[in-house]
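**Q** Under our numbering, the first residue of the sequence shown is numbered 43, with each subsequent residue one higher.
Take this structure first; my questions come after.
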Amino acid sequence: MIKNLATFLIRVVLDIFFRTEIRGIENIPVNGKVIVASNHISNIDPPAILSYINKYRNDTAVLAKKELFKNPLLGAFLRKMGAIEVDRRKADITAFKKSIRALEEGNLLLIFPEGTRRKENKEIKPKSGISFLAKKTKAPILPVKIASVKNGLKLSKIIIVFDKPIETEMYNFDDENVFQEFPKVIMEKIYSIKI
Numbered sequence: 043m044i045k046n047l048a049t050f051l052i053r054v055v056l057d058i059f060f061r062t063e064i065r066g067i068e069n070i071p072v073n074g075k076v077i078v079a080s081n082h083i084s085n086i087d088p089p090a091i092l093s094y095i096n097k098y099r100n101d102t103a104v105l106a107k108k109e110l111f112k113n114p115l116l117g118a119f120l121r122k123m124g125a126i127e128v129d130r131r132k133a134d135i136t137a138f139k140k141s142i143r144a145l146e147e148g149n150l151l152l153i154f155p156e157g158t159r160r161k162e163n164k165e166i167k168p169k170s171g172i173s174f175l176a177k178k179t180k181a182p183i184l185p186v187k188i189a190s191v192k193n194g195l196k197l198s199k200i201i202i203v204f205d206k207p208i209e210t211e212m213y214n215f216d217d218e219n220v221f222q223e224f225p226k227v228i229m230e231k232i233y234s235i236k237i
C-alpha cells in the first residue's frame, strides 16, 4: 500500500515538473526474475525508474548505498520500498545474498553497475556485481538509459528508455575474462541506447 502510493506520487511529481517521457515500457517483463541495469546521472534515477516499473509490477527491489540508511526515518521508508542496503566500499556479501534471494523469489532488482552517479561523461569502471548476480541467478538483464534534457540551466525533461532484455545463460561466467568484461558490455549497451 505504502509502496503503491509513494510510487504514484513520485510519478505525478515527475510528470508535472519534469515532463517525464517513457519509452520501451513493453520491454519490461511482467513477471519473473530480472536485473534492471541503468546508468546513474542523478538522485532522481532510482525513484523515477522504479515508479514507472511499479505501474506494471510491484515485486521490485533496488540496491541503495548504505549512507542513505543513516537517517532512521529515511532508512525505514527505503526498506518499505524494497531497498537493499549496500556498502559500496567492499564486496558486501549480505547485500549480494539479499539480492540473490530477491531474484530467486522472482522479483525485479534495479542496480546501477557503475556503483555511483556519473558526472559529465566522466568514465567510471563498472563493478563486477552484475556478473556475480547474473552468474548466480541466470536472470536476464533489462538495460535502461535515463537522460535529462535541459533548457538553458533548467532541467525541463527526463527520458527513460527500457531496451530489450539480454539473456545471460549464454555467458560463461566461470571464464574470468567473461566475468570481468560483462559489466563493460552491459554499460556499453546502455550508453548506446538512443534517446
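Note that the Cβ used here is the ideal one computed from N, Cα and C, for glycine as well.
In this structure, how does DSSP classify Asp201 when only helix, strand and coil are distinguished?
**A** Looking at the sequence itself, residue 201 is Ile, so the reference to Asp does not match. DSSP places Ile201 in strand when its eight states are reduced to three.
**Q** On a Cα-Cα basis, can you pick out the residue from Lys187, Ile228, Phe119, Phe111 that is closest to His82?
**A** For the residues Lys187, Ile228, Phe119, Phe111, the minimum Cα distance to His82 belongs to Lys187.
**Q** Taking the C-alpha atoms as reference points, what is the distance between Leu92 and Lys164?
**A** About 25 Å.
**Q** Quick check: the Cα distance between Ile153 and Lys108, rounded to an integer number of angstroms?
**A** 14 Å
**Q** Distance, Cα to Cα, Asp87 vs Arg53?
**A** 12 Å
**Q** Smallest Cα separation from Arg160: which of Leu115, Tyr233, Arg143, Leu47?
**A** Tyr233
**Q** What's the call for Gly148, buried or exposed, on a 16-neighbour Cβ count within 10 Å?
**A** exposed
**Q** Can you find the residues in the same chain that come closer than 6 Å, C-beta to C-beta, to Val220, ignoring five residues on each side of it along the sequence?
**A** Tyr213, Asn214
**Q** Over the uninterrupted alpha helix (DSSP H) stretch that includes Lys139, give me the two end residues.
**A** 135-146
**Q** Under the three-state reduction of DSSP, which class applies to Lys226: helix, strand or coil?
**A** helix
**Q** Among residues of its own chain, excluding the 5 on either side of Ile172, which ones have a beta-carbon nearer than 8 Å to its beta-carbon?
**A** Ile77, Ala79, Ile153, Pro155, Ile183, Phe224, Pro225, Ile228
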